[in-house]
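In our numbering, the protein residues as written are -2 to 371.
Note that beta-carbon positions come from the ideal geometry of N, C-alpha and C, so glycine has one too.
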């Protein structure tokens, strides 16, 4: 039996080779892959956080509260969390205020169709691949322990925002980018139907959705998505696409950040909308990951369809201020439809920063309706 490895990303430093694939779920593709890294985010020493701060130019008062020097804007209250820096708090306020001032939120769309998940509910997902303990929580724990932790996390979100019931989800990387070309030269490894069905069975235990995430490598969404149609025809299976590993440049995944265009997203929307129409399914959800400008080009040209709800998911890891800034610059500033926010159990906390709480994330404007844990 062979083993596979994922091309490393901002998600880990570095990603090791994953466990051997059981015979009944072996997939075609390269047997090993290169591990690469991205730049390490800057972190600051923890300092106390005040409860009330305001945006734009801020300064500290004698009492420790940061107040806007112009004082012509109403203060924004943020929770005090042990370990947060002033930089974290100010970045949060800047993101909140930017969302309040962006008149393109909420995005003007027709009323949601019957059966739509968003915006009435909030999706909370565990992400990863069961063949790797390093690619996300989905594979970091045995299934029973993972699902127990999943219950605990979703309960916290239910408590934090009772107005948006949680729709649980498991988010499986079904096509994994590789550092080596493999037999067909596409720098990606397709998971087998057996593995996908195994994770689908886990999702069914929790009445959860299953997202199939696609890292195309040097393939394309046009080539990879049709293979997943038998799964996407199921009413509780959704789709994610990851531009980070779309290597239109011809470089191996992990050596630089990839890119997708509105044309790629529009293809995915059209494919999903066709399934909804043909099989009389409830609307689908499409998650598009983003943490740089180039990851998603011509976003204004994305063509929305009421049969497909599009989430732009802030996908970067690091200290809180970097996550808030990334959300503001790469998601909030360029409205598409709905927003998501990714939290990393390990990488967000690796420099000593407590992982962001639901209460903190819910202060963002617009409030993310898709929450992903890796």
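Based on Cα-Cα distance, which residue from the options lies nearest to residue i?
i: residue 381; options: 232, 230, 208 and 271; result: Given a span of -2 to 371 for the chain in the structure shown, any question on residue 381 remains unanswerable.
i: residue 167; options: 200, 241, 365 and 250; result: 200
i: residue 275; options: 218, 229 and 89; result: 229
i: residue 242; options: 312, 305, 296 and 299; result: 312
i: residue 347; options: 235, 315 and 174; result: 315
i: residue 146; options: 203, 117 and 187; result: 203
i: residue 235; options: 206, 87 and 186; result: 206
i: residue 171; options: 327, 214, 119 and 310; result: 214
i: residue 277; options: 257, 350, 112 and 81; result: 112
i: residue 300; options: 106, 352, 79 and 82; result: 106
i: residue 173; options: 338, 339, 125 and 83; result: 125
i: residue 84; options: 231, 148, 339 and 317; result: 317
i: residue 254; options: 272, 178, 293 and 231; result: 293
i: residue 341; options: 82, 134, 80 and 365; result: 134
i: residue 144; options: 198, 161, 160 and 187; result: 198
So, is the C-beta of residue i closer than 8 Å to a C-beta in chain B?
i: residue 181; result: As a matter of chain content, chain B is missing from the structure shown, which is built from one protein chain.
Secondary structure at residue i, three-state DSSP: helix, strand or coil?
i: residue 358; result: helix
i: residue 368; result: strand
i: residue 184; result: coil
i: residue 306; result: strand
i: residue 333; result: coil
i: residue 122; result: strand
i: residue 246; result: coil
i: residue 130; result: coil
i: residue 114; result: coil
i: residue 215; result: coil
i: residue 75; result: coil
i: residue 227; result: helix
i: residue 209; result: strand
i: residue 294; result: strand
i: residue 165; result: strand
i: residue 80; result: coil
i: residue 93; result: helix
i: residue 179; result: coil
i: residue 104; result: coil
i: residue 251; result: coil
i: residue 339; result: strand
i: residue 237; result: strand
i: residue 138; result: coil
i: residue 347; result: coil
i: residue 144; result: helix
i: residue 266; result: helix
i: residue 352; result: coil
i: residue 170; result: strand
i: residue 192; result: helix
i: residue 274; result: helix
i: residue 320; result: helix
i: residue 301; result: coil
Is the beta carbon of residue j closer than 8 Å to that of residue i?
i: residue 176; j: residue 210; result: no
i: residue 306; j: residue 104; result: no
i: residue 132; j: residue 184; result: no
i: residue 282; j: residue 169; result: no
i: residue 382; j: residue 308; result: This structure does not reach residue 382, given that the chain is present from -2 up to 371, and the question cannot be answered.
i: residue 91; j: residue 291; result: no
i: residue 231; j: residue 163; result: no
i: residue 139; j: residue 196; result: no
Among residues of its own chain, excluding the 5 on either side of residue i, which ones have a beta-carbon nearer than 6 Å to its beta-carbon?
i: residue 110; result: 280 and 303
i: residue 98; result: none
i: residue 89; result: 75 and 321
i: residue 233; result: 206
i: residue 40; result: Per-residue confidence for residue 40 stands at a pLDDT of 30, beneath the threshold of 50, marking its modelled position as unreliable; no derived number is given.
i: residue 216; result: 183 and 185
i: residue 60; result: Bear in mind that a pLDDT of 30 at residue 60, under 50, signals an unreliable position, so the number given afterwards is only what the model happens to contain. Around residue 60: no qualifying Cβ.
i: residue 376; result: Since the first and last residues shown for the chain are -2 and 371, residue 376 lies out of range.
Short of 8 Å in beta carbon distance, which residues of its chain neighbour residue i, apart from the five on each side in sequence? Order them along the chain.
i: residue 150; result: 121, 123 and 370
i: residue 78; result: 46, 351, 354 and 357
i: residue 272; result: 226, 229, 230, 278 and 281
i: residue 247; result: 215
Leaving out five residues on either side along the sequence, give the residues of the same chain with a beta carbon under 7 Å from the beta carbon of residue i.
i: residue 96; result: 102, 329, 361, 362 and 363
i: residue 296; result: 259, 331 and 333
i: residue 218; result: 211, 238, 261, 264 and 265
i: residue 327; result: 287, 288, 289, 290 and 311
i: residue 359; result: 157 and 158
i: residue 256; result: 240, 243, 245, 291, 292 and 294
i: residue 181; result: none
(message) Three or more C-beta pairs under 8 Å: does that hold for the stretch 220 to 229 against the stretch 260 to 273?
(response) In short, these stretches touch, since the Cβ pair count reaches three.
(message) Measuring CB atoms only, is the stretch 138 to 155 touching the stretch 173 to 192, in the sense that at least three cross pairs come out at less than 8 Å?
(response) no
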